[in-house]
Amino acid sequence: MKKSHTDLTIGTLMGLLVLLFVVILMLFRGQKESLNTKFDKRFLSMDLSMFIDTIYSSPNDLIVKYPQKTYDYSYRFEKSRITVYKNKEGIKLGESFPFTEQKDIEFIYTTVDINYAQDNNEITVGGDEGSDNIPLVFEKTKHALLPTSKIKTEEFFD
Amino acid sequence: MNDKKSQTYTALNWVFIRIPLVIIVLIFYLMILNMHNSTELSGHNIENIILIKRLLYSPGLLAYQDTQTGRVYPGIIDIEKFDTKIIESVLLNKNNRIAANLELKNIKTGEIKRIYINEERASAWDDYITFDEFDSSFQKRHVRISQNNQFYPGTLKIKVYVRNG
């Protein structure tokens, strides 16, 4: 009688342990997934591709701000492809999407990386949404299209 | 004897019911999580529409540009630019993602001119437009045609194909 009682207790305990393990595993995986930025990066790269195509269709010179919340990301423009990535994760985990260049308007290949932060002097550029810094701007002239960022530098000297 | 039966029952219960159930729940959970990431993004033909606008508005492509003032007239097609070689040399289709066929008809003379972007693929992709991998759009527009410093009424048919991703 006593032995079967002990077996039942061990069985229940094992079941509870397995349940606990599974729940912790699921919570851990769920939390990891909630921090996953793959979808955001894919969306931004595709949206930027269409944005660049639209800028190309403009007959005139223009300077246009990319109207998405882009403070957390960096952008590499090269060989008719945009790669969006997080500095912390590195470019290898970035997502890219192609766009169509035009011969008469040269696309200037560059990397727009505004996530730099200097801890000692507490200079943060990318993460501050309230500032006047514009993370991603496109300047189109008759012969060139340049992606860049506009940073309000005078704030650093105040 | 009863203890042995009970132990066998417990072991079988774990092997055939509890552990497989846990594995099934975990697999479903991971599948749901992965669905979040694998949601396909689609431009819903916006890319095609942008490309059509680009062909019509960009002075480097089809739009007529006044040589003296530099002003661009998006509703007027410059017949000298309406050429497959010129369009393909200006539009750097490095990724081979886009294809198009364009037909320009001079209403006054009845003359029809056809040009292509990526001709081979334009004909091939026409059969694949029902697949999700391809988007296509068709537009017919009334335009003016600039030819030898004269302007003629015309129609422009544009069919654009874009391969997703």
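Chains as they are written, first to last, in my numbering: chain A, 16 to 173; chain B, 855 to 1019. The C-beta atom is built at its ideal place from N, Cα and C for all residues, glycine as well.
Pick from the options that is closest to residue i, judged by C-alpha positions
i	options	result
leucine 928/B	Ser912/B, Thr938/B and Thr921/B	Just to set this straight, residue 928/B is proline in the shown sequence, not leucine. Measuring from the Cα of proline 928/B, the nearest candidate turns out to be Ser912/B.
tyrosine 81/A	Ile67/A, Leu42/A and Ile123/A	Ile67/A
aspartate 932/B	Ile1012/B, Gln1004/B and Ile877/B	Gln1004/B
asparagine 949/B	Glu934/B, Leu866/B, Ile906/B and Asn1018/B	Asn1018/B
isoleucine 1012/B	Ser990/B, Thr921/B and Gln1001/B	Ser990/B
isoleucine 123/A	Gly105/A, Leu32/A, Arg91/A and Leu31/A	Arg91/A
alanine 159/A	Tyr71/A, Phe54/A and Leu35/A	Tyr71/A
lysine 157/A	Gly914/B, Lys994/B and His898/B	Gly914/B
tyrosine 918/B	Lys935/B, Ile904/B, Ile961/B and Tyr982/B	Lys935/B
threonine 1009/B	Gln993/B, Asp980/B and Thr938/B	Gln993/B
alanine 954/B	Val876/B, Asn902/B, Lys858/B and Asn1002/B	Asn902/B
aspartate 155/A	Lys107/A, Glu104/A and Val79/A	Residue 155/A is actually lysine in this sequence, not aspartate. Of Lys107/A, Glu104/A and Val79/A, the residue nearest in Cα terms is Val79/A.
phenylalanine 988/B	Thr938/B, His898/B and His996/B	His898/B
phenylalanine 153/A	Phe54/A, Asp76/A, Lys53/A and Lys107/A	Asp76/A
serine 1000/B	Glu974/B, Asp981/B, Ala976/B and Lys959/B	Lys959/B
leucine 980/B	Ile952/B, Ile966/B, Thr921/B and Leu895/B	This sequence places aspartate at residue 980/B; leucine is not what is there. With distances taken between Cα atoms, aspartate 980/B lies closest to Ile952/B.
aspartate 937/B	Ile966/B, Asp986/B and Lys907/B	Ile966/B
glutamate 973/B	Gln922/B, Asn947/B and His996/B	Asn947/B
arginine 995/B	Thr921/B, Asp920/B, Lys907/B and Tyr883/B	Lys907/B
Sequence-distant residues of its chain with Cβ nearer than 6 Å to residue i (five each side left out)
i	result
glycine 142/A	At glycine 142/A, the pLDDT of 47 sits below 50, so the modelled position is not reliable and the matter cannot be decided from this model.
arginine 968/B	Glu957
leucine 175/A	The requested residue 175/A does not occur in the structure, where chain A is confined to residues 16 to 173.
tyrosine 982/B	Phe988
Beta-carbon proximity list for residue i, same chain, < 7 Å, skipping 5 on both sides
i	result
glycine 109/A	Lys56, Thr98, Val99 and Tyr100
phenylalanine 114/A	Ser64, Ile67, Asp68, Ser95 and Ile97
leucine 28/A	none
isoleucine 941/B	Leu915, Ile969 and Ile971
isoleucine 106/A	Arg91, Thr98 and Tyr100
glycine 924/B	none
lysine 53/A	Glu110
Assumed close pair residue i, residue j - CB separation to whole angstroms, cut-off 8 Å
i	j	result
aspartate 62/A	asparagine 102/A	Contact flag wrong, Cβ pair sits at about 20 Å.
valine 944/B	lysine 118/A	5 Å
arginine 998/B	isoleucine 886/B	So it is not a contact: roughly 56 Å between Cβ atoms.
valine 37/A	valine 869/B	The pair is not a contact, with the Cβ atoms about 17 Å apart (cut-off 8 Å).
arginine 872/B	glycine 45/A	Going by Cβ atoms, the distance from arginine 872/B to glycine 45/A rounds to 22 Å, so no, they are not a contact pair.
proline 74/A	threonine 125/A	24 Å between Cβ atoms; not a contact.
Outcome for residue i when other beta-carbon atoms lying within 10 angstroms are tallied against a minimum of 16
i	result
valine 1016/B	buried
lysine 84/A	exposed
proline 874/B	exposed
phenylalanine 112/A	buried
leucine 909/B	buried
valine 879/B	exposed
valine 1014/B	buried
glutamate 116/A	buried
alanine 978/B	exposed
leucine 905/B	buried
leucine 866/B	exposed
isoleucine 881/B	exposed
leucine 151/A	buried
tyrosine 863/B	exposed
serine 89/A	buried
serine 896/B	exposed
aspartate 49/A	For clarity, residue 49/A is serine in the given sequence; the question names aspartate instead. By the 10 Å Cβ count, serine 49/A comes out exposed.
arginine 975/B	buried
Chain-order list of residues whose beta-carbon lies under 8 Å from that of residue i (same chain, five-residue window excluded)
i	result
threonine 963/B	Tyr1006
threonine 984/B	none
valine 33/A	none
glutamate 121/A	His158, Ala159 and Leu160
isoleucine 961/B	Tyr1006, Pro1007, Gly1008 and Thr1009
- [ ] Could you name the residues of the segment 942-969 of chain B whose beta carbon sits closer than 7 Å to any beta carbon of chain A, in the order they occur along the chain?
- [x] Ser943, Val944, Leu945, Leu946, Asn947, Lys948, Asn949, Arg951 and Ile952
Task: Residues from the segment 912-923 of chain B in contact with chain A, defined by Cβ distance under 7 Å - done: Ser912, Pro913, Gly914 and Ala917
Open item on the list: By the 9 Å beta-carbon criterion, what residues does the segment 868-881 of chain B contribute toward chain A?
Closed with: Trp868, Arg872, Ile873, Val876, Val879 and Leu880
TODO: Note down, in chain order, all residues in the segment 66-80 of chain A with a beta-carbon under 8 Å from any beta-carbon belonging to chain B.
DONE: Asp68, Thr69, Tyr71, Ser72, Ser73, Pro74 and Asn75
Open item on the list: Please list, in chain order, the residues of the segment 44-55 of chain A that have any C-beta partner in chain B closer than 8 Å.
Closed with: Arg44, Gly45, Glu48, Asn51, Lys53 and Phe54
Task: Near-chain B residues of the segment 77-111 of chain A - C-beta to any C-beta below 9 Å - done: Lys94, Ser95 and Arg96
Task: Residues in the segment 989-1007 of chain B having any Cβ partner in chain A nearer than 9 Å - done: none
- [ ] Mind checking the segment 114-130 of chain A against chain B and listing, in chain order, the residues whose C-beta falls within less than 8 Å of any C-beta there?
- [x] Thr115, Glu116, Gln117, Lys118, Asp119 and Ile120
Task: Selection of the segment 857-868 of chain B by Cβ proximity to chain A, strictly under 9 Å - done: Asp857, Ser860, Gln861, Thr864, Asn867 and Trp868
Open item on the list: For the segment 894-905 of chain B, list every residue whose C-beta sits within 7 Å of some C-beta in chain A, in sequence order.
Closed with: Leu895, Gly897, Ile900, Glu901, Ile904 and Leu905
Open item on the list: Along the segment 923-934 of chain B, where does the CB come closer than 8 Å to a CB of chain A? Name the residues.
Closed with: Val926 and Pro928
Task: Positions along the segment 974-989 of chain B whose CB lies within less than 9 Å of some CB in chain A - done: none
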